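Quick note on this note's numbering: the sequence shown kicks off at 2 and runs consecutively. Even glycine gets a Cβ: it sits at the ideal position worked out from N, Cα and C. Keep in mind that this is a model prediction, so the values were computed, not measured. Only one structure is covered here, and it is reproduced in the block below.
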Amino acid sequence: MDVFCIPFIGLNRVVDIWGMRMIIPLFCVLLIACSENPPADEGESGMIIVNGVERSELARLMRQMYDEMKLVSDSLESGSSVSPKFYTNYERITSAHATEPEKIDELYQSMADAFLDNYESFEGDEDGQIPAFNIMVDNCLVCHQNKCPGPVKAIKKLKIKPQ
Ligand code: HEC
Numbered sequence: 002m003d004v005f006c007i008p009f010i011g012l013n014r015v016v017d018i019w020g021m022r023m024i025i026p027l028f029c030v031l032l033i034a035c036s037e038n039p040p041a042d043e044g045e046s047g048m049i050i051v052n053g054v055e056r057s058e059l060a061r062l063m064r065q066m067y068d069e070m071k072l073v074s075d076s077l078e079s080g081s082s083v084s085p086k087f088y089t090n091y092e093r094i095t096s097a098h099a100t101e102p103e104k105i106d107e108l109y110q111s112m113a114d115a116f117l118d119n120y121e122s123f124e125g126d127e128d129g130q131i132p133a134f135n136i137m138v139d140n141c142l143v144c145h146q147n148k149c150p151g152p153v154k155a156i157k158k159l160k161i162k163p164q
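In structure tokens:
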């Protein structure tokens, strides 16, 4: 039981309902509900509230992909090799709920498949990681130019310039 509840247990009230005496623990339930953090409740639409803004499952996955690919890009640029293992997570771009579900059409699915093929090649490539990485990022861009132009500029910056 939540600690906030304990001082209030004494406040349980005895009330008379239809002649029956019932004990109602008045404040307890309320306080438990209020003292918990708001649950990360994912509704049927796959929407979730983050910092007061409604974010779709796809938007959150994309943001994660961006953050992870930024780290990969920085590592490759500094001359390190990487061994990312994100394929099974990124595969969810074909099924995750989007802010605008009407955007998830056949064209989207074919661009998603092309992206995943190229992403897989990048992960499997030991020798030519930089060119494989840049081709994969081009696939992010193809879909974004068609479906979601907002982040294009930021995604372009992930590409690694020839040394
Ligand atoms: C097949 C299409 C497609 C591919 C491939 C794709 N994206 Fe997206 N991306 C989208 C769509 C559609 C949205 C909008 C999602 C929403 O709001 O539900 C989005 C949203 C985003 C966002 C904004 C997320 C936010 O905070 O709202 C970023 C950043 C992003 N993508 C980065 C990337 C990166 C980086 C890659 C490649 C590693 C990539 N995307 C590959 C279609 C794609």
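Proximal residues to residue i (C-beta, below 8 angstroms), its chain only, five neighbours per side dropped
{"i": "E92", "result": "L117"}
{"i": "A115", "result": "N140 and V143"}
{"i": "E69", "result": "P85 and F87"}
{"i": "S79", "result": "none"}
Cα-Cα separation between residue i and residue j, rounded to whole angstroms
{"i": "P74", "j": "E127", "result": "Here the sequence assigns Ser to residue 74, which means Pro is not the residue at that position. About 15 angstroms."}
{"i": "F134", "j": "T100", "result": "27 angstroms"}
{"i": "K148", "j": "S81", "result": "33 angstroms"}
{"i": "E55", "j": "Q110", "result": "24 angstroms"}
{"i": "A155", "j": "S84", "result": "23 angstroms"}
{"i": "M63", "j": "E103", "result": "17 angstroms"}
{"i": "F123", "j": "K86", "result": "10 angstroms"}
{"i": "Y67", "j": "S57", "result": "15 angstroms"}
{"i": "L27", "j": "R61", "result": "Low per-residue confidence applies at L27: pLDDT is 48, beneath 50, and the placement is therefore not dependable, though the value from the model is reported in the following sentence. The straight-line gap from Cα to Cα measures roughly 40 angstroms."}
{"i": "P163", "j": "Y120", "result": "20 angstroms"}
{"i": "L108", "j": "L159", "result": "24 angstroms"}
{"i": "T89", "j": "Q65", "result": "13 angstroms"}
{"i": "G151", "j": "G125", "result": "30 angstroms"}
Whole-angstrom C-beta distance between residue j and residue i, which should lie under 8 angstroms
{"i": "I161", "j": "I136", "result": "Actually they do not touch by this definition, with Cβ atoms about 11 angstroms apart."}
{"i": "H98", "j": "L59", "result": "6 angstroms"}
{"i": "V138", "j": "Q146", "result": "So it is not a contact: roughly 13 angstroms between Cβ atoms."}
Close-in-space but distant-in-sequence residues of the same chain around residue i (CB under 6 angstroms, 5 per side omitted)
{"i": "T172", "result": "Past the boundaries of the shown model lies residue 172; the chain is included only from 2 to 164, so the question cannot be answered."}
Neighbourhood of residue i by C-beta distance below 7 angstroms, restricted to the same chain and skipping five residues each side
{"i": "L77", "result": "V83, Q130, I131, F134 and I161"}
{"i": "I105", "result": "A99"}
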